[in-house]
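Numbered by this note's numbering, the letters in the sequence shown go through residues 1410 to 1545 in order.
Each residue gets a CB set at the ideal place from its N, CA and C atoms; glycine is no exception.
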Amino acid sequence: MPFDEGDELVSVDELLAAARSTIERLTPDEAFAAIERGAALIDIRPADQRERDGSLPDAHVIPRNVLEWRLDPRSEHCDPALARRDVQLIVICDEGYQSSLVAATLCRFGLDATDVVGGFQSWRSQGLRLSQAADS
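Okay, here's the thing in structure tokens:
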């Protein structure tokens, strides 16, 4: 859709603030507890970040470029185990910015989605479980 002169421009900070106003974000500890109760963790970090920093146990890795197609319940390319309205989805990225935008989009699909405040970096700094430690 081309830009129209009457359209209101927004900054990335405004877009992020709008996204975050629609979701209840979780601290790493709250996210961990929700996962223990059955929520699904969706890791959208690129492979190089996962290799460098470590992986999250039981996380579903979904590349960012196909995420909407995998999680839209109406998409013919959806992952039926995750594109469900009866499972909370917790999105995590590296620092908790991109994941907020993703979670807000997933909510627009009718899903119960949120993200982790501070992302993977906050998760790791709080000493929560990792599948593999990063090389030091």
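- Inclusion of aspartate 1452 and phenylalanine 1529 in the CB contact set at 9 Å is warranted, their separation being smaller than that value.
- Alanine 1522 sits in a strand when the DSSP states are folded into three classes.
- Sorting Thr1436, Ile1471, Leu1476 by C-alpha distance to the C-alpha of glycine 1527 places Thr1436 at the top.
- Within its own chain, the residues whose Cβ lies closer than 8 Å to the Cβ of glutamate 1433, once the five positions on either side in sequence are excluded, are Thr1523, listed in chain order.
- Annotation: the continuous alpha helix (DSSP H) that includes isoleucine 1444 extends over 1437-1445.
- In terms of Cβ geometry, leucine 1491 and arginine 1483 do not form a close pair [threshold 9 Å].
- Check the Cα spacing between cysteine 1502 and each of Asp1413, Leu1520, Trp1532: the tightest is with Trp1532.
- When rounded, the separation of the alpha-carbon atoms in alanine 1426 and arginine 1454 is 21 Å.
- The C-beta of arginine 1446 has fewer than 16 other C-beta atoms within 10 Å across all chains shown, which makes the residue exposed.
- DSSP places valine 1421 in no beta strand (DSSP E) but in the uninterrupted alpha helix (DSSP H) bounded by 1421-1429.
- Alanine 1442 sits exposed, since fewer than 16 C-beta atoms from the chains shown fall within 10 Å of its C-beta.
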